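Numbering of the sequence shown is given in our numbering, commencing with residue 53 and proceeding in unit increments.
The C-beta atom is built at its ideal place from N, Cα and C for all residues, glycine as well.
Keep in mind the model is a prediction, meaning the values are calculated, not measured.
Quick notes on the structure that follows.
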Amino acid sequence: MGESALTNGVNGANGVHGEHAVETRPRMGSRSLPFLSDLLGNSLNDRLLFAVPKKGRLNQACLDLLHGSDIQFHRHSRLDIALVKNLPLALIFLPAADIPTFVGEGRVDLGITGQDQVAEHECVMPPTATTGVEQVLDLEFGKCKLQVQVPSKGDYTKPEDLIGKNVVTSFTNLTEQYFKKLEAQQAGNVKNSETTGDAKLKTKIKFVGGSVEAACALGVADGIVDLVESGETMRAAGLKAISTVVDTSAVLIKSKHASDPKLVDLITARIKGVITAQKYVLCTYNIERPKLDAACKITPGKRAPTVNSLEGDGSWVAVSAMVLRKDIAIAMDKLTEAGACDILVMKIENSRTH
Numbered sequence: 053m054g055e056s057a058l059t060n061g062v063n064g065a066n067g068v069h070g071e072h073a074v075e076t077r078p079r080m081g082s083r084s085l086p087f088l089s090d091l092l093g094n095s096l097n098d099r100l101l102f103a104v105p106k107k108g109r110l111n112q113a114c115l116d117l118l119h120g121s122d123i124q125f126h127r128h129s130r131l132d133i134a135l136v137k138n139l140p141l142a143l144i145f146l147p148a149a150d151i152p153t154f155v156g157e158g159r160v161d162l163g164i165t166g167q168d169q170v171a172e173h174e175c176v177m178p179p180t181a182t183t184g185v186e187q188v189l190d191l192e193f194g195k196c197k198l199q200v201q202v203p204s205k206g207d208y209t210k211p212e213d214l215i216g217k218n219v220v221t222s223f224t225n226l227t228e229q230y231f232k233k234l235e236a237q238q239a240g241n242v243k244n245s246e247t248t249g250d251a252k253l254k255t256k257i258k259f260v261g262g263s264v265e266a267a268c269a270l271g272v273a274d275g276i277v278d279l280v281e282s283g284e285t286m287r288a289a290g291l292k293a294i295s296t297v298v299d300t301s302a303v304l305i306k307s308k309h310a311s312d313p314k315l316v317d318l319i320t321a322r323i324k325g326v327i328t329a330q331k332y333v334l335c336t337y338n339i340e341r342p343k344l345d346a347a348c349k350i351t352p353g354k355r356a357p358t359v360n361s362l363e364g365d366g367s368w369v370a371v372s373a374m375v376l377r378k379d380i381a382i383a384m385d386k387l388t389e390a391g392a393c394d395i396l397v398m399k400i401e402n403s404r405t406h
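Structure (structure tokens):
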């Protein structure tokens with residue numbers, strides 16, 4: 053994707069027009085980009101560019117993550133660029149499917165997208181030592197599966213049944229790769245998990261940008277490949293999953309030629325801190341010293357629990373430890389059985405841990 057593509061994708065989207073990208077000159081750092089500016093004429097060339105999904109299933113979780121990381125910005129209505137107030141950073145709101153391309157070509161420094169979108173991009177643009185994206189952090193939200201689905205009451209029970217049939221998907225590259233391997237396995241053209249030969253794909257892969265689950269009911273497809281989160285939409289459409297192409301969740305990705313590596317590391321540390329804070333709570337309690345070892349086995353903390361003697365009574369200690377949020381109820385029950393009292397659980401707003 054060239055410079056004009058970035059101008060169209062960033063400046064030309066939803067109200068930021070091409071008149072604000074009037075000249076090309078080198079950007080600070082290790083790459084050249086068009087001279088970009090927002091609608092108000094503020095230069096973006098001295099800012100780290102951070103791509104965020106503009107809509108869809110990852111959008112709100114990304115905005116919450118940015119807020120928790122103290123990345124302060126105001127997005128003007130209909131604009132796809134937002135300047136961050138407290139860091140030399142600009143947020144670029146793009147379709148999640150386009151983010152691996154912009155980051156992989158070094159046009160944008162950082163991005164949040166799904167692992168499925170990264171894999172879809174890398175099917176046609178395999179990463180090299182100098183191109184492609186680096187996956188920095190699994191953000192642990194937006195978890196779902198890209199699955200092969202067929203009508204629940206139909207005759208298809210395994211993915212091999214769809215070879216030579218019509219398959220509809222928004223992920224044409226991953227789907228073609230999946231069925232190419234499936235067809236090669238059926239023909240015996242697989243060696244050490246790699247397909248051999250260059251046989252023409254028998255399965256007919258068709259692209260649909262949305263409402264993929266309706267394709268079978270409308271007679272467009274014999275099967276589909278689509279994302280499944282809870283499975284409710286799939287079941288409501290009369291479909292069932294027969295195979296998983298890839299497991300996915302949101303990831304933080306970066307360019308291999310980031311314009312400001314130190315700022316990338318800072319933002320990564322902030323985001324990691326927020327994710328850790330969301331996963332853990334702080335548990336504090338009092339317990340008699342002879343029972344401390346048993347209690348510490350219940351709440352070992354990230355590295356070790358913090359233990360302090362209580363004033364005026366050397367036989368009691370106060371303990372605090374980080375506990376996984378999903379395990380806290382069971383931990384409190386076990387602590388009570390072990391003799392702990394005054395058990396308190398507090399939310400962690402943010403963190404920096406290793």
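Whole-number beta carbon distance between residue j and residue i, since they are thought to touch under 8 Å
i, j, result
"L135", "I319", "Actually they do not touch by this definition, with Cβ atoms about 15 Å apart."
"A113", "A302", "7 Å"
"C393", "L279", "About 47 Å separates the two Cβ atoms, so there is no contact after all."
"A289", "A269", "7 Å"
"A390", "A347", "5 Å"
"E27", "A329", "Summary: the structure shown does not reach residue 27, with the chain confined to residues 53 through 406, and so no result is reported for it."
"I215", "Q238", "6 Å"
"V316", "L100", "7 Å"
"A103", "L131", "Not a contact, Cβ separation roughly 15 Å."
"R127", "G194", "Not quite, the Cβ-Cβ distance comes to about 20 Å (not below 8 Å), so this is no contact."
According to DSSP, residues forming a beta bridge with residue i
i, result
"F259", "T221"
"D190", "V303"
"A273", "None, per the DSSP bridge assignment."
"T296", "Q199"
"A103", "I144, G163"
"D278", "Q199"
"L291", "P203"
"Y208", "None, per the DSSP bridge assignment."
"Y407", "With the chain covering 53 to 406 only, the question about residue 407 has no answer from this structure."
"V185", "S307"
CB of residue i within 8 Å of CB of residue j, strictly
i, j, result
"A267", "I276", "yes"
"K210", "I294", "yes"
"A142", "I151", "no"
"E172", "L226", "yes"
"V155", "I144", "no"
"A181", "G166", "no"
"L376", "I350", "no"
"S361", "E340", "no"
"L115", "V326", "no"
"I164", "L139", "no"
"V359", "I380", "no"
"V264", "Q199", "no"
"K324", "L189", "yes"
"A251", "E235", "yes"
"M286", "Q169", "no"
"K354", "T405", "yes"
"K107", "F125", "no"
Quiz item: What runs of the beta strand (DSSP E), each 3 residues or longer, lie entirely inside the region 334-402?
Solution: 358-362, 365-376, 393-399
Quiz item: Contact between the region 322-336 and the region 371-384: three or more CB pairs below 8 Å?
Solution: yes
Self-check item: Three-pair Cβ contact test at 8 Å for the region 214-226 versus the region 284-293
Solution: no
Exercise. Write down every uninterrupted run of the alpha helix (DSSP H) in the region 123-166 whose length is 4 residues or greater and which is fully enclosed by it, in chain order.
Key: You should have 151-156.
Quiz item: Are at least three pairs of beta-carbons, each pair with one atom in the region 171-185 and one in the region 303-315, less than 8 Å apart?
Solution: yes
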